[in-house]
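From first to last, the protein sequence lines stand for chains A and B. Mapping the first sequence onto the numbering used here, position 91 (from 1) lands on 91, and the numbers just tick up by one. Each number in the numbering used here corresponds to the 1-based position in the second sequence with 1000 added. Beta carbons: idealized from backbone N, C-alpha and C, even for Gly. These figures come from a predicted structure and were not determined experimentally. Single-structure report; data block below.
Protein chains: 2
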Amino acid sequence: MTSQVQIDQRVKSFIAACRQHGIKATQQRMEILRELASTEEHPDAETVFARVRKRLPTISLDTVYRTLRTLEENEIISRVGSMRERARFDANTAPHHHFVCSDCGLIGDFYCDELQGFPPPPEVADMGSVDSVYIELRGRCRACQIKRDRTE
Amino acid sequence: MTSQVQIDQRVKSFIAACRQHGIKATQQRMEILRELASTEEHPDAETVFARVRKRLPTISLDTVYRTLRTLEENEIISRVGSMRERARFDANTAPHHHFVCSDCGLIGDFYCDELQGFPPPPEVADMGSVDSVYIELRGRCRACQIKRDRTE
DNA sequence: TCCTATTTAGTAATAATTCGTATTTACACA
DNA sequence: TGTGTAAATACGAATTATTACTAAATAGGA
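Here it is as structure tokens:
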């Protein structure tokens, strides 16, 4: 993901993807993607803006935000973490994980010993020490499944 | 977690915990905890505010936010999801997971087939259908570990 | 070349969360 | 059972990330 060839390849396939999705492969979009594809540090919007600006001095922060969303919607990039609009809280102190409905936001607890005691893979040990595991299963709750079926 | 006795028990042990941590067991804090302990729906701050207000009409939204943070810091409740201040983006399209440093915010990718193909436990099937698994290992990165060791 | 989606710029709106400060309260101790 | 004091609260105002609006300019791509 770091070699120049790979990055160029990534941008090239992005252009193809644009054709497919019927969106334009603008300079701005290509440079934003290039920037993200060139780094492993999972930058935020401001950081992307600052860096892309070096090459496209007139780009606006607005465009960066808009583009990041467009790329995300087209599943060309992804967002790290939940980033729900509002924080949600939980008084359940037992070790557990969550099921989250991406339609209505329902959050359910579930328990799973295998996951609970899961040993971090060795490559993680190189990064640092782990002190907790956060797991979220994402999908559609029963009610929202039904709602969807009815609409179609 | 739903019976009145259990909730009362929870509030009582909260009062004890306050003594331990040297923080005050105020009406507001107790009612906020009681509210959270009474539900499984993982409410947000506004929702907690609206409900607690029925019993403590003068409580402020500010207090709810402040208290939720305090409870979280003292590990009496937890927050669902990452809720980083800013959104972070990732152009890595291969299936992978993240290691996150809670000190500096570093995010690293890692790969793990066992986790990748992990079958959702049956209790989750009752809630709905799963279409993705989000996993975050949280801890301290190498650099931050060293920084900590030096400070102590 | 031309049509249209997209960008820019610059301001303003939102919306969640936090801060400043005067006031009140829990609770340790007398 | 009072009381002094640090901790906590209420309330409005401030912050911060993100999105929206506009009109005018630009540039994909057929």
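Own chain, CB closer than 6 Å to residue i, minus 5 neighbours either side, in chain order
i                       : result
residue 1044 of chain B : none
residue 23 of chain A   : none
residue 136 of chain A  : 98, 100
residue 1038 of chain B : 1007
residue 65 of chain A   : 45
residue 1074 of chain B : 1021
residue 25 of chain A   : 15, 18
Own chain, CB closer than 8 Å to residue i, minus 5 neighbours either side, in chain order
i                       : result
residue 76 of chain A   : 14, 17, 33
residue 92 of chain A   : 109
residue 1094 of chain B : 1111
residue 124 of chain A  : 130
Cβ pair residue i, residue j closer than 9 Å
i                       : j                       : result
residue 83 of chain A   : residue 1132 of chain B : no
residue 99 of chain A   : residue 108 of chain A  : yes
residue 1148 of chain B : residue 1102 of chain B : no
residue 1009 of chain B : residue 1056 of chain B : no
residue 1088 of chain B : residue 79 of chain A   : yes
residue 1061 of chain B : residue 1049 of chain B : yes
residue 1046 of chain B : residue 51 of chain A   : no
residue 1002 of chain B : residue 1040 of chain B : yes
residue 118 of chain A  : residue 1071 of chain B : no
Nearest-angstrom beta carbon gap, residue j and residue i [assumed within contact, 8 Å]
i                       : j                      : result
residue 1145 of chain B : residue 128 of chain A : 6 Å
residue 130 of chain A  : residue 120 of chain A : 5 Å
residue 30 of chain A   : residue 11 of chain A  : 6 Å
residue 1126 of chain B : residue 42 of chain A  : Not quite, the Cβ-Cβ distance comes to about 34 Å (not below 8 Å), so this is no contact.
Own chain, CB closer than 7 Å to residue i, minus 5 neighbours either side, in chain order
i                       : result
residue 53 of chain A   : 59
residue 96 of chain A   : 109, 110, 111
residue 1063 of chain B : 1028
Below-9 Å beta-carbon distance, residue i vs any chain A residue
i                       : result
residue 1037 of chain B : yes
residue 1152 of chain B : no
residue 1025 of chain B : no
residue 1028 of chain B : no
residue 1090 of chain B : yes
residue 1031 of chain B : no
residue 1072 of chain B : yes
Minimum Cβ-Cβ distance from residue i to chain B less than 9 Å
i                     : result
residue 44 of chain A : yes
Q: Report the residues of the stretch 1092–1108 of chain B with a CB closer than 7 Å to any CB of chain A, ordered along the chain.
A: 1092, 1098, 1099, 1101, 1107, 1108
Q.
At a CB distance below 8 Å, what residues from the stretch 3–21 of chain A approach chain B? Give them in sequence order.
A. 10
Q.
Short of 8 Å Cβ to Cβ, which residues in the stretch 1046–1066 of chain B face chain A?
A. 1046, 1048
Q) Residues in the stretch 110–138 of chain A with C-beta within 9 Å of chain B's C-beta atoms, listed in sequence order? A) 110, 111, 112, 114, 115, 118, 120, 121, 123, 124, 126, 127, 128, 129, 130, 131, 132, 133, 134, 135, 136, 137, 138
Q: Using a Cβ-Cβ cut-off of less than 7 Å, list which residues of the stretch 76–90 of chain A approach chain B; keep chain order.
A: 77, 78, 79, 80, 81, 82, 83, 84, 86, 87, 88, 89, 90
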